[in-house]
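Data block below; observations after.
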Amino acid sequence: MSGDKPEPVPQAFAGRRWLLPSALIKEFEPDPERSGRPRRTARDWVVDFSCFLLAVIIGLLTADTVADEDIPVALAAVDQIIGALACAAVWLRRRWPVGLAIAMVPVCFVSNTAGGAGVVALFTLAVHRPFRYVAWVGGASVALVPLFFWLRPDPEIPYGWTVFLAAMLTGGVVGWGMFVRSKRQLMLSLRDRARRAETEARLRAEQAQRLAREAIAREMHDVLAHRLTLLSVHAGALEFRPDAPREEIARAAGVIRESAHEALQDLREIIGVLRAGEQDDAGRPQPTLAALEALVTESREAGMKVTLDQHVTEPAAVPASVGRTAYRIAQEGLTNARKHAPGTEVTVTVAGAPGEGLSVAVRNPAPDGEVPHVPGSGQGLIGLTERATLTGGRLQHGSVADGGFEVRAWLPWG
49 MSGDKPEPVP
59 QAFAGRRWLL
69 PSALIKEFEP
79 DPERSGRPRR
89 TARDWVVDFS
99 CFLLAVIIGL
109 LTADTVADED
119 IPVALAAVDQ
129 IIGALACAAV
139 WLRRRWPVGL
149 AIAMVPVCFV
159 SNTAGGAGVV
169 ALFTLAVHRP
179 FRYVAWVGGA
189 SVALVPLFFW
199 LRPDPEIPYG
209 WTVFLAAMLT
219 GGVVGWGMFV
229 RSKRQLMLSL
239 RDRARRAETE
249 ARLRAEQAQR
259 LAREAIAREM
269 HDVLAHRLTL
279 LSVHAGALEF
289 RPDAPREEIA
299 RAAGVIRESA
309 HEALQDLREI
319 IGVLRAGEQD
329 DAGRPQPTLA
339 ALEALVTESR
349 EAGMKVTLDQ
359 HVTEPAAVPA
369 SVGRTAYRIA
379 QEGLTNARKH
389 APGTEVTVTV
399 AGAPGEGLSV
409 AVRNPAPDGE
419 VPHVPGSGQG
429 LIGLTERATL
439 TGGRLQHGSV
449 ADGGFEVRAW
459 LPWG
């Protein structure tokens, strides 16, 4: 199954996997089923063989100096045997870098031939472990250098120069190893940064999709709920009054037909937005504050008792976004009053001026008698609150002292 496979190597390294060290491959290609040491890549084999060959070459060069020293032949043989074992231990440097480096400190002190293996072990420690390990092991090695060359001086190079060159060699090996480690850490940090960027981009895309869905849901609720409640009111009137006058039945049927047509038009526009991904410029214009009177007239024709109290200075100067929000607030308030307080007189109050803001209030008294429960999602007022907040305004709603309900909003206009 695809879910059981490890994550693929990033595309930038997919064709050059053998060029990466196994430590980086483990980071780039984590395998949850394999928690042990990663397999060597082709690059690792080349590097490990090169390190082994370097340790052997340095050991052979130092073996000549051991032969020139005035020490017993048995001790010289032991020195070379220890050096050979140290060179063989270089193949364990990836599995136990700290242990090998620590072991090489006393080994190199007693065996001059093991110097090459000690250099490789110190370099490996600097590549694979933090600086605190390198500082302790490297410091111990440098501290033993004067004592080592005091006991076993070089017959050709002065004592001071040998100590200086050995210390410089140790510092150079540590510096080179730390440089390699920093390059690997940079690659890992770039990998993590790329992954975070991809994750953030995916989260931003998901958030944008969620916001778009919420905006479409609000629009569908604001538009269709108003139309469908008109259909419900008039359909209910025809159902409970089949003996109504012919003219009233014809008028109710006309309102039902017109409301259904408008609802289909609104639904078609919203579906068009979903399919195209953007607003259709050829669609019907969005409502503004000027359309508020038509909304009230439509509600009156549906049988509602609505009073519009409008005191707006320079209505034509109201920004389109503010006017549209005010229209939606009034529309939602009328829809809720039609559903939860049928037969009551609803008052819609709009007032404002440039620099003062625009105030919108929709209020209805308590209904007479028991009102049948009307199902609803309860998202309308939440969506209105968000609409008002996005425009920089505020919205409040709740019951009033006489048992009625009021929706009151203030929108910035300046």
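The sequence shown begins at 49 in this note's numbering and counts up one residue at a time.
Beta carbons: idealized from backbone N, C-alpha and C, even for Gly.
ask   = What are the start and end residues of the beta strand (DSSP E) that includes T395?
value = E393 to A401
query = What's the call for S447, buried or exposed, on a 16-neighbour Cβ count within 10 Å?
reply = exposed
request  = Give me the Cβ distance between V193 and A162, rounded to the nearest whole Å; I'm assuming they're in contact under 8 angstroms.
outcome  = Actually they do not touch by this definition, with Cβ atoms about 14 angstroms apart.
Opening and closing residue of the beta strand (DSSP E) in which E346 lies = Per DSSP, E346 belongs to no beta strand (DSSP E); it is in the alpha helix (DSSP H), L340 to E349.
key: Host beta strand (DSSP E) of D202 (start-end)   = Segment: none, D202 is in no beta strand (DSSP E) and carries neither H nor E.
ask   = What residue does the beta strand (DSSP E) around A409 start on, and which one ends it?
value = G405 to N412
ask   = Going by beta carbon distance, what residues of the same chain come within less than 7 angstroms of G440, once the five residues before and after it are set aside?
value = P460
key: Option in A165, G302 and R376 with minimal Cα separation from V431   = First, the residue type needs correcting, since residue 431 is Gly and not Val in the sequence shown. Nearest of A165, G302 and R376 to G431, Cα basis: R376.
query = Closest by CA to P402, which one among A378, P367 and V410?
reply = P367
ask   = With which residues is Q444 paired in a DSSP beta bridge?
value = R456
A385 versus S407 - alpha carbon distance = 19 angstroms
request  = Go ahead and pull the three-state DSSP assignment for T355.
outcome  = strand
message = Would T383 and T277 qualify as a contact pair, given that the criterion is a beta-carbon distance under 8 angstroms?
response = yes
task = Give the secondary structure of V366 by DSSP, where H, G and I count as helix, E and B as strand, and everything else as coil.
result = coil
query = How long is the line joining the alpha carbons of D329 and R316, rounded to whole angstroms?
reply = Residue placement at D329 is poorly supported in this model, since its pLDDT is 44, which falls under 50; the coordinates still yield a value, given next. Roughly 14 angstroms separates the two Cα atoms.
key: Span of the alpha helix (DSSP H), counted from its first residue to its last, around A125   = V121 to A137
key: For G163, the first and last residue of its enclosing alpha helix (DSSP H)   = G163 to H176
task = Taking the CB atoms as reference points, tell me whether A169 and R142 lie closer together than 8 angstroms.
result = no
request  = For M226, I'd like the list of residues in its chain whose CB is within less than 6 angstroms of its CB, leaving aside the five on either flank, ordered along the chain.
outcome  = A174
query = CA-CA distance, V394 and E341?
reply = 14 angstroms
task = Grab me the residues of A389's own chain with a C-beta within less than 8 angstroms of its C-beta, minus the 5 sequence neighbours each way, in chain order.
result = N412, P413, A414, P415, V419, G452 and F453
ask   = DSSP beta-bridge partners for V463?
value = Limits of the chain in this structure are 49 at one end and 462 at the other, which puts residue 463 out of reach.
key: Reduced DSSP secondary structure (H/G/I, E/B, other) of A253   = helix
C-alpha gap between S237 and V167, whole angstroms = 28 angstroms
query = Assuming V396 contacts L356 under a Cβ cut-off of 8 angstroms, what Cβ separation, rounded to an integer in Å, is found between them?
reply = 5 angstroms
query = First and last residue of the alpha helix (DSSP H) that includes V153?
reply = P145 to V158
task = Grab the span of the alpha helix (DSSP H) containing R435 for me, first residue to last.
result = G428 to L438
key: DSSP state of E418 mapped onto helix, strand, coil   = coil
query = Which same chain residues, not among the five before or five after A60, have their C-beta less than 6 angstroms away from its C-beta?
reply = Note that A60 scores 45 on pLDDT, short of 50, meaning its location in the model is unreliable; the coordinates nonetheless yield the value given after this. Correct list: empty, nothing qualifies.
ask   = In this structure, does DSSP put G186 in helix, strand or coil?
value = helix
key: Given S189 as reference, the closest of D291, V158 and V94 once Cα atoms are compared   = V158
query = Buried or exposed: which applies to L109, given that a residue is buried once 16 or more other Cβ atoms fall within 10 Å of its Cβ?
reply = exposed
message = Closest to S98 by C-alpha separation, out of V138, A378 and L133, would be which residue?
response = V138
request  = Could you have a look at A389 and say whether DSSP puts it in helix, strand or coil?
outcome  = coil
task = Since I believe A374 is in contact with V398 (beta carbons under 8 angstroms), could you give me their beta-carbon distance rounded to a whole number of angstroms?
result = 6 angstroms
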